[in-house]
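Residue numbers (the working numbering): 31 to 134.
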């Protein structure tokens, strides 16, 4: 919304493997292979084009995730024997994700 109102670009970025660098429910970070992709700047069609821009950014991030996950032998936990599990591609949470007790 801010980018659309100001006329500045939104730059999509996708990072995969961060769940290994900073595991769920811990304060302990460790070494991990993280893959990163940065997309081309995207502009809203006008001040009222925030929704269109958000959709375009989401599509761009999904395409970047697919490219990063293209290597089936990746160590990334986003890819399993059953295929990709990354939320950008499946539209579902990671298989290991569980809601916090206060939200369940």
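Using N, Cα and C, we set each Cβ at its ideal position, and we do this for glycine too. All figures in this text were calculated on a predicted structure; none of them were measured in a lab.
Can you give the Cα-Cα distance for residue 91 and residue 69, rounded to whole angstroms? Cα to Cα, the separation comes out at about 8 angstroms.
Flag this pair as yes or no: are the beta carbons of residue 47 and residue 64 separated by less than 9 angstroms? Between residue 47 and residue 64, the gap from beta carbon to beta carbon is short of 9 angstroms.
Residue 71 and residue 82: beta carbons closer than 9 angstroms? Taking 9 angstroms as the Cβ cut-off, residue 71 and residue 82 do not qualify as a contacting pair.
For residue 50, which option in 42, 62 and 56 has the closest C-alpha, if you only look at C-alpha atoms? That would be 62, whose Cα lies nearest to the Cα of residue 50.
CA-to-CA distance, residue 44 to residue 120, given in whole angstroms: Answer to the nearest angstrom: the Cα atoms are 15 angstroms apart.
For the alpha helix (DSSP H) holding residue 98, just list the boundary residues, first then last. Secondary structure note for residue 98: its alpha helix (DSSP H) is the uninterrupted segment 80-98.
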